[in-house]
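The structure appears below as structure tokens.
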Amino acid sequence: AGAFGMTREVAERAFAQPDADYVDTGGVGGTLAGNALSLAAMRAALTRVLTRESYAHTIPLAERFERGVREMIERHGAPWHVTRLGSRVEYAFTPEQPRTGGEAAAAHDEELESLLHLYALNRGVLMTPFHNMALMGPTTTQEQVDLHTTVFSEALDELYGGFEAGKMLT
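Have a look at this one:
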């Protein structure tokens, strides 16, 4: 469930695009997005999950996850980067963070992303299905974060032939 706040002028401009599909794009929602169960879940998340205590646990885990990914990227010489925002961490296949939506779209590599997802999944690590993102939750453990770092390093070993920096296997 979600809510958008905008001026009438912005709303008119946004909805003036006849070909735009705002109903179910990117998980925005559909006919079931605003039902009573969705609203109860949203309220529970805001009052019981997204708390100061939760963030005191999840942000240090995200910092550890980010540090592990960054160290493995550097160790293997992969031309990738890692980004963290609070308890959300993501890595992508460009040396620098994209600055525009176009740069982000151009950096997408569906085959490599799928390979990394399956590689991790087959070793007990589930990443978000949209891209190489991990969200630390209140039940996430340091052991789970460290398992990802190990699996990520092993994947880079196979892609880049061990620690010979910058040499991707083809």
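Residue numbers for the sequence shown follow our numbering, so the first one is -3 and each next one is one higher.
A virtual CB, placed ideally from N, CA and C, is assigned to each residue, including glycine.
The C-alpha of A7 lies about 43 Å from the C-alpha of Q138.
Take V78, set aside five residues on each side of it, and the residues of its chain with a beta-carbon closer than 6 Å to its own are E62, V65, R66, Y87, in chain order. Only residues of its own chain outside the window of five on either side were considered, and among them T145, F148, S149, L152 have a CB closer than 7 Å to the CB of M68, listed in chain order.
With fewer than 16 other beta carbons inside 10 angstroms of its own, T47 counts as exposed. Under the three-state reduction of DSSP output, L81 falls in the strand class. Contact between H113 and M123 is confirmed by a C-beta separation of about 6 Å, below the 8 Å threshold. Taking 8 Å as the cut-off, the Cβ atoms of R80 and E59 count as close.
Taking 8 Å as the upper bound for CB-CB distance, S34 and I55 are not in contact here, some 27 Å apart. Annotation: the continuous beta strand (DSSP E) that includes A130 extends over 129 to 131. If only complete runs of 4 or more residues are kept, the region 30 to 58 shows the alpha helix (DSSP H) at 32 to 40, in order along the chain. Taken atom to atom, the span from the alpha-carbon of A10 to that of Y115 is near 40 Å.
Per DSSP, the unbroken alpha helix (DSSP H) holding T146 starts and ends at 138 to 156.
If you draw a straight line from the Cα of A32 to the Cα of W76, it is about 42 Å long.
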